[in-house]
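Trainee: Mapping of the sequence shown onto my numbering: residues 46 to 319, in sequence order.
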Amino acid sequence: MDLDVAPGVRLRVVVEGQGEPVVLLHGHSLDLTVFDDLVPALVDAGFRVIRYDQRGHGRSSSPPGGYRWGDHAADLRVVLEKLDAVPAHVVGLSKGGGITLEAALRFSNLVRSLVLVGPLVPDYPLPGEFWAFFKRLAQAIREKGVKHAAQELWLSHPLLRSAWENPKSREKLETIVFDFPAGEYLATEKDAPDRDWKLTERLQDISCPVLVVRGEHDIPEFHQMAEFVANKLPQAHLETVPQSGHLVPLEQPDRLTALLLRFFESVRIRHSSL
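1) Have a look at Asp89 and His102 and give me their C-alpha separation to the nearest angstrom.
2) List the whole-angstrom C-beta distance separating Leu146 from Pro172, where the pair is believed to meet the contact cut-off of C-beta under 8 Å.
3) Between which two residues does the beta strand (DSSP E) holding Pro285 run?
4) In whole angstroms, what is the alpha-carbon distance linking Ser207 and Ala177?
5) Leaving out five residues before and five after Gln297 in sequence, what residues of the same chain have Cβ atoms less than 6 Å from its Cβ?
6) The alpha helix (DSSP H) spanning Leu305 covers which residue range?
7) Measuring CB atoms only, is the stretch 100-120 touching the stretch 231-238, in the sense that at least three cross pairs come out at less than 8 Å?
8) Work out the CA separation of Val258 and His316 for me, nearest whole Å.
9) By alpha-carbon positions, which one of Asn154, Arg215, Pro109 and Asp81 ends up nearest to Arg96?
10) Is the CB-CB distance between Gly141 and Leu70 below 8 Å?
11) Can you tell me the Cβ-Cβ gap for Phe267 and Gly163, rounded? I've got them flagged as a contact below 8 Å.
12) Does DSSP put Leu295 in a helix, in a strand, or in coil?
13) Among the candidates Arg100, Leu87 and Val293, whose CA atom is the shortest distance from the CA of Asn211?
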């Protein structure tokens, strides 16, 4: 289905199963299919699984502007409210993890629990060379197109390399990335700041249960971010998935699904005892 979430912004949404809602948020340049291998077990376990392509990704709209963390968080709010899925377990991969944190602070009533998989934390001080790469990627996309930029730069980047070199996930990753509409990179409007506070300074305000997941072979900066957020959040627990890089849902879907089901059960038990 398609949902209108803001003027000029329509998102592709897929809903499967019945029960407590679980929302799966993909990462940068990906789409909802990155979670394909997690869905059957979650549905079988009695969850209503909601996925959508974020604005500027997959088959959703690519508006000329509106790509701030707050814009993505507002999209999540509208999706959950329109689907009568509040509160939800919200699972965010990479940038999706950052959107999840942003939404938990702005709209705390939305979430029952959070799962942050290799989270990109808004406002976390990453090295300058990390962001310089994405400036080069943006330039390559604008000059030569997404597929060329992906082949020359993005797929071989340490964040994606592990999944790209894995025969089990290579084809799916290429399909997703080659179809990336690059909405944010091609945006023609400059977004003004939409908040005057730093998310990293307010993490302690998130009081719901949180599972932080990182791949064993993820890059050092993301290992550090996972530890940082797990230490800052009052009810967080950190797990490391063996034999996985950054894209755990593609590289180790069964292990990730097992972690999710165990965590959701612990949240259920905690709520039932209150």
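Built from N, CA and C at the ideal position, the CB exists for glycine as well. Only a predicted model underlies this, so the values are computations on that prediction, with no experimental measurement involved.
Mentor: Reading from the atomic positions:
1) In this structure, the straight-line span from the alpha carbon of Asp89 to that of His102 is close to 28 Å.
2) Actually they are not in contact, since the Cβ atoms of Leu146 and Pro172 sit about 21 Å apart, beyond 8 Å.
3) Here the sequence assigns Thr to residue 285, which means Pro is not the residue at that position. Taken as a continuous stretch (DSSP letters only), the beta strand (DSSP E) holding Thr285 covers Ala281 to Val286.
4) Going by the C-alpha atoms only, they are around 21 Å apart.
5) Taking Gln297 as the centre and dropping the five residues before and after it, the same chain places the C-beta of Val286 and Ser289 closer than 6 Å to its C-beta, in chain order.
6) Counting along the chain, Leu305 sits inside the alpha helix (DSSP H) bounded by residues Pro298 to Ser317.
7) Touching, per the Cβ criterion.
8) His316 and Val258: Cα-Cα distance of roughly 22 Å.
9) Minimum Cα distance to Arg96 is reached at Asp81.
10) Closer than 8 Å, so yes.
11) For a cut-off of 8 Å, the C-beta gap from Phe267 to Gly163 is around 5 Å, short enough to register as a contact.
12) Note: Leu295 maps to helix in three-state DSSP.
13) The option with the nearest alpha carbon to Asn211 is Val293.
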